[in-house]
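The listed protein sequences derive, respectively, from chains S and A.
So for the first sequence, the working numbering puts the first residue at 13; every next one is plus one.
So for the second sequence, the working numbering puts the first residue at -17; every next one is plus one.
A virtual CB, placed ideally from N, CA and C, is assigned to each residue, including glycine.
Below is one structure, written out as structure tokens; the observations come after it.
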Amino acid sequence: MRNIYLIFRRDFLGYVKAWGFWLSLAAVPLFLILGVGFGMFAATTSPVRYYAVVAPTPAISQAIEAEFQRRVSDAAEEAAELAKRMNIPLSEAEEQISEAAGGGRKYFEVPPPARTLEELRPWLAGERTVAGPAGERGLFAAFILSEDGSQLEYWSNDVNVDALQRTAEIAMRDMSRRDALTAAGLETDFLKQADNAAVKVPAFRLNNTHAGESGAEVTIADRAPAIVSGALAYFLWLMVFSIIQYLLMGTIEERSNKIFDTLLTSVKLPELLAGKLLAVFAVTSTMMLSWTAFAGIGSAVFAAQVPGMTDTISPFLAALTDPGLIIPALISFVLGYVLYGAIFMALGSLCDTIQEAQTLLSPMMILLMLPMFAIFIAFQDPGSPVIDIASWVPVFTPFLLILRIPHDPPMWEIIAQMVMMAAVTAVIVWLSTKVYRAGAVHGAGIGEIGGMIKSAMGIKPKAVKE
Amino acid sequence: MGDAPLVMSGATKRFGAFTAVNSLSFTVPAGQIVGFLGPNGAGKSTSLRMALGVMEPDEGEVALFGVKPEIRALKRVGFLPEERGLYKKMTARDTITYFARLKGMSANDAKARADELLESTGLGKFRLSRISKLSKGMAQKVQILSTLAHRPDFLILDEPFSGLDPMNQQTLENLIRAEHERGATILFSTHVMEHAERLCDRIVMLARGRKVLDGTLEEAYATLGQGARVSVSAGFDLAAALASKGFSAHRAADKGPGEAWRVELPKGLGAQDALRAALEAGAPILGFQPEEARLRDVFVNLVGEAEAAALDVPTPAEEAA
């Protein structure tokens, strides 16, 4: 154990002393903060813009204005609901809703200073200004209704900002619906009433263990284990994905340094491999746990501000501490990590240069995309026969077993798959040790991998260079 | 140390159809400095890797302190591989400390020992420098110190002098002598015979994977017939003149005044006897030099000049360089 610790310690410190580690550690929270901050900044600092509508009647203007008013009304309803749920003053709730929406209304109609596009051009180009609620400004956009009334042309110097165009589209659609309903002698909220009258389709579960009673409606508490297992499977995949580079590059450095002979006169090869795998595991875990902690702190802060959020989070915490889920998941996690780690480390030991290792990265990525697809399918339909079969394929088992546990597969399957995973991992580790010895110690290359596996399995090899 | 540090018995290693080491047997007795000699490709490194358990022999046995090479026995060994390598981002002190700890020293002892060794070899001020910042010679020194740090009972050094400048070669010779005085047994491989002549109690010579000699320096020299170099005026047939006196002589390619001859000394006769016989035979002597036995000559004598040349045995001039 002491030797494993020493190898682990050296490798771990070697990784964490590198700049790249700290950059990676800081990158995710930093980009998240910057992303959210930039979004909020962009929303709150976006300017007030004027638009004009050129149409023979005020119907178009009124429809667009009605759409803006509908949003104001929706926001007011939302604020009232929030104030009630959070037990806060209405003004505070309105402020929060307004902040979330980017700080109030940004578009205002002004009377058109001209009637044709050519005449409007100086205002649209910002060469001339019109008076409006925010003072003198150029026109951001102009709507011009075509002569036959079939098109409302949207003209602007900045077509990338299309919020106003989309608002107008919704307004025109609603206006058309309203006209059609009125023409048919129906009330204007006929469609809304029809939607409300639709037959509801609630989900129930026969054995609702979380609700404690059979036949209770499915809640977030029922879905939490599946979501948590999905997150764990994805976490394992992400970890396996991120160790490829560490294991490939780290081994190349040592192979080029010709350091293995010295190490192997001090530690056993399995100790060396165990120390290295642990170090990479610790490095990736440190990174991912740091990101998770960041996300956790963020969620906690958010939950503290939103009453009722604790009730939403607690089923997930309960799932995470459920031994029936977490024990098999942890076993799958560890075996899956060791299985893939041993393969990558063995392959890395056969590379002399970074270029050589890079040629291996593509097939490894493809190999890793297969479990990703399996995770995706299993998350959508865990009871699929394809997933049943795939869960017996050793490279998929660690991921799929984690995903299947919340769906109560037969106990014998769970045990058999764990035993199979342990056996396959042991064989892979044994083979990888042989390949690693041949590669790292005896300088064998990728081309000799077939011969080495034959040799490991007792079939006489043709030659392995010293 | 009850058992000999190393016993190899009939060790053979093949790589496909190529036999790198062929039935090699020898013993490294405790407390001695043993030179493991042979040209490049003779099988020295493969033999040492078998001795350390890095590689298993296909046939034969290896015993390190009386047991199969395994970690417990290897903790008593310090090994310097031919192909040097260290972690480039570690400092000199951390490197020595790390390898000493892997050999079983405590963290504090290993650190103190690293500082002591670095100070004693003039690298004290570089102890916190990364290996990548050191010169090649300094880095090699750090690796050698890493080998010695845990005060091993048995040092195995594979081509320890290669890549070192003359001053550092001398430093290394001093270190080897100091370790020997401390009581360590030392086995080092080299293809430079002069180092072995200066340091070794015993030598084991290899050629094409086979042992060709195993004994003390005196025993090695004894395999070589002694001779003397005699230069005479051009046209004088020294072989004919000495034949009646029991000496045989052959023309030599030595440069110098007149024509050079090598006179072989029969058992019991010395160089002075050859000189006296030549004078009595009326030889016009221009130069005379008793031959000094050298390990290279022993090797050439054992494997033949042609094979020695083919195996890239360095000439005396190359050795000196």
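Do A263 (chain A) and V245 (chain A) have their C-beta atoms within less than 9 angstroms of each other?
no
Please state whether DSSP places M13 (chain S) in a helix, a strand or coil.
coil
Quick check: is the beta carbon of V59 (chain A) nearer than 9 angstroms to any beta carbon in chain S?
yes
Leaving aside the five residues before and after G26 (chain S) along the sequence, list all residues of the same chain whose C-beta is less than 7 angstroms from its C-beta, in chain order.
none
For chain S, check one thing: does any of its Cβ atoms lie closer than 9 angstroms to the Cβ of K85 (chain A)?
yes
Short check: CB of F356 (chain S) to CB of A386 (chain S), under 9 angstroms?
no
Can you tell me which of the three DSSP states M(-10) (chain A) falls into?
Three-state DSSP puts M(-10) (chain A) in a strand.
Between which two residues does the alpha helix (DSSP H) harbouring D273 (chain S) extend?
Run containing D273 (chain S): F272 to L276, per the alpha helix (DSSP H) assignment.
Have a look at E176 (chain A) and T296 (chain S) and give me their C-alpha separation to the nearest angstrom.
52 angstroms
Measuring only between beta-carbons, confirm whether K70 (chain A) sits less than 9 angstroms from chain C.
Protein chains S and A are contained in the structure displayed, whereas chain C is not.
I'd like the list of long-range same chain contacts for F80 (chain S), defined as Cβ closer than 8 angstroms, with 5 residues on each side in sequence excluded.
R117, Y119 and T179
Quick one: residues in its chain with C-beta nearer than 6 angstroms to the C-beta of G42 (chain A), no 5 flanking neighbours on either side, listed in chain order?
S(-9), G(-8), A(-7) and T(-6)
How many angstroms separate the CA atom of Q14 (chain A) from the CA atom of A38 (chain S)?
57 angstroms
With C-beta atoms as the reference, is P39 (chain A) less than 9 angstroms away from V16 (chain A)?
no
Taking Cβ to Cβ, would you say K57 (chain A) is nearer than 9 angstroms to S444 (chain S)?
no
Alpha carbons only, please: which of S:P125, S:P68, S:F152 and S:F20 is nearest the one belonging to S58 (chain S)?
S:F152
So is E283 (chain S) buried or exposed if we call it buried at 16+ other beta carbons inside 10 Å?
buried
List the endpoints of the continuous alpha helix (DSSP H) containing F229 (chain A).
It is not in any alpha helix (DSSP H) - F229 (chain A) carries neither H nor E in the DSSP assignment.
Under 9 angstroms between the Cβ atoms of L290 (chain S) and F24 (chain S)?
Going by C-beta atoms, L290 (chain S) is nearer than 9 angstroms to F24 (chain S).
Out of S:P70, S:V122 and S:L164, point me to the one whose CA is closest to A146 (chain S)'s CA.
S:V122
Of all the CB atoms in chain A, is at least one closer than 9 angstroms to the CB of S30 (chain S)?
Here residue 30 (chain S) is Ala; the residue named in the question, Ser, does not match the sequence. Yes, its Cβ sits closer than 9 angstroms to a Cβ of chain A.
Within its chain, find whatever has a CB closer than 8 angstroms to the CB of T73 (chain A); leave out the 5 residues flanking it on each side and keep chain order.
R109, L110, S111, R112 and I113
Looking at the strands, I want to know which residues DSSP matches up with D196 (chain A).
A:V186
When you compare the CB of M37 (chain A) with every CB in chain S, is at least one pair closer than 9 angstroms?
yes
Please list, in chain order, all residues of the same chain as S344 (chain S) whose beta carbon is under 6 angstroms from its beta carbon, the five residues on each side excluded.
P410, L413 and I414
With a threshold of 9 angstroms between beta-carbons, can E478 (chain S) be considered close to chain A, or not?
Only weak support is given to the placement of E478 (chain S): the predicted model assigns it a pLDDT of 37, under 50, and the value that follows is read from those uncertain coordinates. Yes, E478 (chain S) counts as interfacial toward chain A.
In chain A, which residues lie with their C-beta within 8 angstroms of the C-beta of S278 (chain S)?
I53, L56, K57, F81, L84 and K85
Going by CA-CA distance only, name the one from S:E159, S:P340 and S:L176 that's closest to I426 (chain S).
Each of S:E159, S:P340 and S:L176 was checked against the Cα of I426 (chain S), and the nearest Cα belongs to S:P340.
List the residues of chain S whose Cβ lies closer than 7 angstroms to the Cβ of S34 (chain A), in chain order.
For the record, residue 34 (chain A) in the displayed sequence is Leu; it is not Ser. Under the 7 angstroms cutoff, chain S gives T277.
Among A:S7, A:R233, A:T28 and A:L137, which one has its Cα closest to the Cα of V194 (chain A)?
A:S7
State buried or exposed for T304 (chain S), treating a residue as buried only when at least 16 other CB atoms are found within 10 Å of its CB.
Around the beta carbon of T304 (chain S), fewer than 16 other beta carbons sit within 10 angstroms, so the residue counts as exposed.
Between which residues of its own chain and V(-11) (chain A) is the CB-CB distance below 7 angstroms, once the five residues before and five after are set aside?
T9 and A45
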